[in-house]
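According to the numbering used here, the sequence shown holds residues 280 to 815 in order. Even glycine gets a Cβ: it sits at the ideal position worked out from N, Cα and C. All values derive from a computational prediction rather than experimental measurement. To start, the structure under review is shown below, and the notes come after it.
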Amino acid sequence: MRRLFHEPLLALTILVIVGSLALFVLYPILRVFAFPSIKEYAAVLRTSRYLHAGLNSLLMVLLSTSSATLFGFLFAFGLTKTTMPLKRLLKGILILPLFSPPFMVAFSYLMMFGRNGLITYGLFGVRTNILGWHGLWLSETIAFFPVAALTMESVLQSIAPSLEYAGRNLGATGFKLFRTVTLPLATPGVAGAALLVSILVLADFGNPIMISGDFSVLATEAWLRVEGWGDVAGAAVLSSVLLIPSVIIFAFQRFWVGRRSYVTITGKIATIQAEPTKWYVRWPLFTFCAAVSVMILIVYVALVLGALVNGWGFDWSPTLKWVSSVTSEVGQLIRSLVFSMLAGAVSALFSMTAAYLVTRKRFVLRGAVDFVAILPAALPGIFLGIGYSISFTRRPVDLYGTAAIIVLAMVFWNISMGYQTGIGAMKQVSPSLGEAASNLGAGSMRIFREIEIPLLQGPFFSAFIVSFIRSITTLSVIVFLATADNSVATFTIMNLVSDGLYGKAAALTTLLLLISFVVLGAAKLLVGRKLDLFKV
280 MRRLFHEPLL ALTILVIVGS LALFVLYPIL RVFAFPSIKE YAAVLRTSRY
330 LHAGLNSLLM VLLSTSSATL FGFLFAFGLT KTTMPLKRLL KGILILPLFS
380 PPFMVAFSYL MMFGRNGLIT YGLFGVRTNI LGWHGLWLSE TIAFFPVAAL
430 TMESVLQSIA PSLEYAGRNL GATGFKLFRT VTLPLATPGV AGAALLVSIL
480 VLADFGNPIM ISGDFSVLAT EAWLRVEGWG DVAGAAVLSS VLLIPSVIIF
530 AFQRFWVGRR SYVTITGKIA TIQAEPTKWY VRWPLFTFCA AVSVMILIVY
580 VALVLGALVN GWGFDWSPTL KWVSSVTSEV GQLIRSLVFS MLAGAVSALF
630 SMTAAYLVTR KRFVLRGAVD FVAILPAALP GIFLGIGYSI SFTRRPVDLY
680 GTAAIIVLAM VFWNISMGYQ TGIGAMKQVS PSLGEAASNL GAGSMRIFRE
730 IEIPLLQGPF FSAFIVSFIR SITTLSVIVF LATADNSVAT FTIMNLVSDG
780 LYGKAAALTT LLLLISFVVL GAAKLLVGRK LDLFKV
C-alpha cells in the first residue's frame, strides 16, 4: 500500500476499477433486491402462475442441459477419439451458433417446423405446433450444445492414447474400455460442461420469448410484468428468484472445475497414435454428428430463404423487398455495431487491467475485485438489465434512452469473460520480467504498458471479440433498456417477429450475422494465430 502513494497513476487506476465495479456491478444487484417491498415479494411468490413458471424453468434446465450435454459429448468424442471423416467441416459447423443471436435458433425453427413451416407444411403438408416446451427444448439443445462440445473437447484431447492402450493390454475393450478408462477421465469436462450449459439455459430469454408459447418461464414472465403491466417491482422479484439458482450453479461449477482433480501422470507426453476406430463406432457417430450439423445448417437456410421469399408459408415467390426494407432499420444496425465495438474495447481493456492488478499487485480490496469481476458470469442478462433500468433511469444517475446505458450494460455483463482470459494469460507471463524492469526504475503502469500489454495482445483481442459478439447478439441485457432513441437490431428483430413480419426479421438477422462474421474475420486476419476464442 505504501508504494501506491509514490505511484499516483497506479492508485488512480485501482480507484477507477474498484469504483466502477461497485457502481456498475454491485449497485444494480443490490437495487434489484431492494427495489420491491416485502409485500411485493410475498404477493408475487404466492402467485401460482409464477410458481408454475419457476417449475417450468427448472424443468427446462433439466431437459435442455441433459440433451445438450449428451449431444456435446457425442460430438466432441467423435471429433477427438474417432477417425470419422469430415472432421474439419463438422467442427466449422459446430461453432456457428457461438457467433449468432441466441434467439436465432428458435426463430428459424419456428419458420421451418411451425404451422406454416417450410419442412413440416411446405414439404409434408402437415401443420404442427412447435410452440411450447418441446420447441423450446429443441431450440435450447441446438443453441447451447456447442458450448458443451467445445468444453469437453479439450478434456478428451488431453487423455493420452497410452492410457487406453494400457487398458486394452489389461483386457478392457470396446464399451468396457470406454466405461472404465475414457469416461472417468472425461468426468471433469462433462460435469463442467453440464453446469455451464445449465446456467445458459436458466438465463435464456431469447429462445423462450420466440418459441415457448404458453409454456412460461421466469425470464419471459419478468419481461411480461414490465411489458404488460409496467410492474418493474414484480419483474425485480422474478429476476431475483431467477438469480438464486444461477448463482448456486455457477458457484458449484467453479468449485467442481477448480477443486476436482483427474490428473494422469505419464512421465512425458506420449506420441502413441490412437488406434483406428471400429466401423460400428465410427459410422454411427458420424451419422449422428452429420444429422446434428444439418439441424444447425437449417437455422441459416431458414434465415436466408425467409429474407428472399415474398410471404413465408403462403407465397414462396422470390423477392428482394425484405432486404431492401431493412434500410429503414439501418439506424439500429449502425447502433448495434458502434455500441458493440465500443463495449468490446472497453470491456477487454477493463478486464485486462483488472487481471493485471489482481495478479501483480497487492492492495486492500484485491480479493473483492477478483470476486466482483467474476460475478457477472453468474448474472442472467435479464437480471442485469432490470438492475440497470432501476438504477440508472432516474436521479441521481439518469441515463434513460441514452447510448451510455446500453454500452455500460454490455461492458459490465461481459467483463468476467475477459477477466478470466486475462488471469489465465497473466499466469503464463513470468513476474520476473516486471521485477527486472522495476529494478531498472520503471513504474508499475509503465511495466504494464510496455511489457505486459505487448504479451497480452492475443488474449486482449480474444476478449474483445467475445465481448463484441455477445454484445451485438444480446437481447436479454438490453430488452428493458431499449427505447426509440437507443434501440439496437436484436430488439427490433424481437418486435418484428412479434408482429409476424418474418421476412423482414430474417433479413435483419442475416445482416447482423454478416456483420459478426466480418468483424470476426477481420480480427482473425489482424491477430492471426494469437486469436483463440474458445479459451475465453
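Between residue 779 and residue 404, the alpha-carbon positions lie close to 21 Å from each other. Per DSSP, the unbroken alpha helix (DSSP H) holding residue 463 starts and ends at 462 to 482. Spatial neighbours of residue 361 in its own chain (CB-CB distance under 7 Å, excluding positions within 5 residues in sequence) are listed in chain order as 556, 560, 561 and 564. About 7 Å separates the beta carbons of residue 742 and residue 626, which is inside the 8 Å limit, making them a contact pair. In the three-state scheme derived from DSSP, where H, G and I count as helix and E and B as strand, residue 588 is classed as strand. Under the Cβ criterion (8 Å, minimum of three pairs), the segment 385 to 405 does not count as touching the segment 310 to 323. When the five nearest sequence neighbours on each side are left out, the beta carbons in the same chain lying within less than 6 Å of the beta carbon of residue 488 are those of 499, in order along the chain. For residue 676, the three-state secondary structure derived from DSSP is strand. Under DSSP, residue 597 takes part in a beta bridge, and its partners are 588.
Contact check between the segment 739 to 758 and the segment 641 to 654: fewer than three CB pairs, one atom from each, fall below 8 Å, which does not count as touching. Collapsing the DSSP output to three states places residue 437 in coil. Within its own chain, the residues whose Cβ lies closer than 7 Å to the Cβ of residue 480, once the five positions on either side in sequence are excluded, are 339, 340, 343, 344, 419 and 423, listed in chain order. DSSP places residue 360 in the helix class (H, G or I) of the three-state scheme. DSSP, reduced to helix, strand and coil, places residue 430 within a helical segment of the structure shown.
In this structure, the straight-line span from the alpha carbon of residue 532 to that of residue 473 is close to 9 Å. The DSSP-derived three-state label of residue 725 is helix. Here residue 518 is buried. Its C-beta has 16 or more other C-beta atoms within 10 Å. Its chain contains 348, 352 and 431 as the residues whose beta carbon lies nearer than 7 Å to that of residue 469, once the 5 sequence neighbours on both sides are disregarded; these appear in chain order. The segment 296 to 311 makes contact with the segment 658 to 667: 3 or more CB pairs, one atom from each, lie closer than 8 Å. Residue 774 sits in a helix when the DSSP states are folded into three classes. One Cα belongs to residue 502, the other to residue 329, and the distance between them is close to 12 Å. Considering only 694, 608, 527 and 359, the residue with the shortest C-alpha distance to residue 435 is 359. When secondary structure is reduced to three states using DSSP, residue 572 falls in the helix class. Between the C-alpha atoms of residue 588 and residue 595 there is a straight-line separation of about 5 Å. In this structure residue 490 is in contact with residue 414, their Cβ atoms being roughly 4 Å apart against a cut-off of 8 Å. Within its own chain, the residues whose Cβ lies closer than 6 Å to the Cβ of residue 783, once the five positions on either side in sequence are excluded, are 601, 604 and 775, listed in chain order.
Between residue 766 and residue 752, the alpha-carbon positions lie close to 13 Å from each other.
With respect to the C-alpha of residue 639, the residue from 702, 659 and 286 having the closest C-alpha is 702.
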